[in-house]
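Q: Sequence lines, in order, name chains C and E.
Going by the working numbering, the first residue of the first sequence is number -6, and it counts up by one from there.
Going by the working numbering, the first residue of the second sequence is number 3, and it counts up by one from there.
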Amino acid sequence: GAVVSQHPSRVICKSGTSVKIECRSLDFQATTMFWYRQFPKQSLMLMATSNEGSKATYEQGVEKDKFLINHASLTLSTLTVTSAHPEDSSFYICSAGGTAGGLRPSYEQYFGPGTRLTVT
Amino acid sequence: DAKTTQPTSMDCAEGRAANLPCNHSTISGNEYVYWYRQIHSQGPQYIIHGLKNNETNEMASLIITEDRKSSTLILPHATLRDTAVYYCIVRTYTGTASKLTFGTGTRLQVTL
Chain C
-6 GAVVSQHPSR
4 VICKSGTSVK
14 IECRSLDFQA
24 TTMFWYRQFP
34 KQSLMLMATS
44 NEGSKATYEQ
54 GVEKDKFLIN
64 HASLTLSTLT
74 VTSAHPEDSS
84 FYICSAGGTA
94 GGLRPSYEQY
104 FGPGTRLTVT
Chain E
3 DAKTTQPTSM
13 DCAEGRAANL
23 PCNHSTISGN
33 EYVYWYRQIH
43 SQGPQYIIHG
53 LKNNETNEMA
63 SLIITEDRKS
73 STLILPHATL
83 RDTAVYYCIV
93 RTYTGTASKL
103 TFGTGTRLQV
113 TL
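#1: Alpha carbon to alpha carbon, what distance is there between S82 (chain C) and R93 (chain E)?
#2: Check whether the Cβ atoms of C24 (chain E) and S73 (chain E) lie closer than 7 Å to each other.
#3: I think S70 (chain C) touches S43 (chain C), with their Cβ atoms under 8 Å apart; what is that distance to the nearest whole Å?
#4: Who are the neighbours of G105 (chain C) on chain E, taking C-beta pairs under 8 Å?
#5: Under a Cβ-count criterion, where at least 16 other Cβ atoms within 10 Å of its own Cβ denotes burial, should L22 (chain E) be classed as buried or exposed?
#6: In this structure, what does DSSP give as the bridge partners for I50 (chain E)?
#7: Name the chain C residues whose beta carbon is nearer than 9 Å to that of T106 (chain E)?
#8: CB I91 (chain E) to CB L102 (chain E), shorter than 7 Å?
#9: Anything in chain E within Cβ reach of F27 (chain C), meaning under 7 Å, just list it in chain order.
#10: Secondary structure at E68 (chain E), three-state DSSP: helix, strand or coil?
#11: Anything in chain E within Cβ reach of I86 (chain C), meaning under 8 Å, just list it in chain order.
#12: For Q111 (chain E), collect the residues of the same chain with a Cβ closer than 6 Å to its Cβ; drop the 5 residues on either side in sequence, then sort them by chain order.
#13: Please compile the residues from chain E whose C-beta is within a distance smaller than 9 Å of the C-beta of T71 (chain C).
#14: Counting only Cβ pairs nearer than 9 Å, list the residues of chain E close to L67 (chain C).
#15: Residues of chain E with a CB under 8 Å from the CB of L110 (chain C): which are they?
Written out as structure tokens, the structure reads:
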């Protein structure tokens, strides 16, 4: 149980284009979703926290106009990297938590498998 | 900033117990100790968490010192598939999902 999926798993795009990454909670409803970024050989860094139906809260240093987050439903959050550049190439990971109803603890987070973005 | 300190890397022979230490000397009374692991190019996987009592589940055991300033994750019989980066995280329980601050973790290499 507590499955979180991400799509796509890998994406290669050209510099200047935008890329959308989806994060879905498959068997539970999540009121809160988190987006992390991980560069090679580094730890996960939280980018933003999104609550269903409200604006995302971004961590210091993360450009909200560049990384657009939408959390329109309890099972789906999207991260759009706008005007991507090679330095945006990274492993993007989402997690879902704050479960609405159900049997799972509301404070737990469940991670997706990640999306590897390569910008050429 | 992460509130935990872990060794950068450790080796363990397959079949032996892997003991991964973590220091969290500034932990507060309402903060839990969580352990996650990340196998290469995958999302983190929850392992175990605890407040002050020792905990055990099907994956691992968590030993927390009486003063709660350090803990040890024990994988009783390590296998090659346990090779991963292990993250120790302290986290406040708020009743709702709260962000996790990942440190650098310990890279565990299980060898034949």
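From the three backbone atoms N, C-alpha and C, an ideal C-beta is built for every residue, glycine too.
A: In short:
#1: 29 Å
#2: yes
#3: 6 Å
#4: Within chain E, the residues near G105 (chain C) are G45.
#5: buried
#6: E:W37
#7: Q35, S36
#8: Contact: yes.
#9: K101
#10: In the structure shown, E68 (chain E) falls within a coil segment according to DSSP collapsed to helix, strand and coil.
#11: G45, P46
#12: D13, T85
#13: Simply none; closest approach about 17 Å.
#14: Here the premise fails: no neighbours, minimum Cβ distance about 13 Å.
#15: What L110 (chain C) touches in chain E: nothing, since even the nearest Cβ is about 13 Å away.
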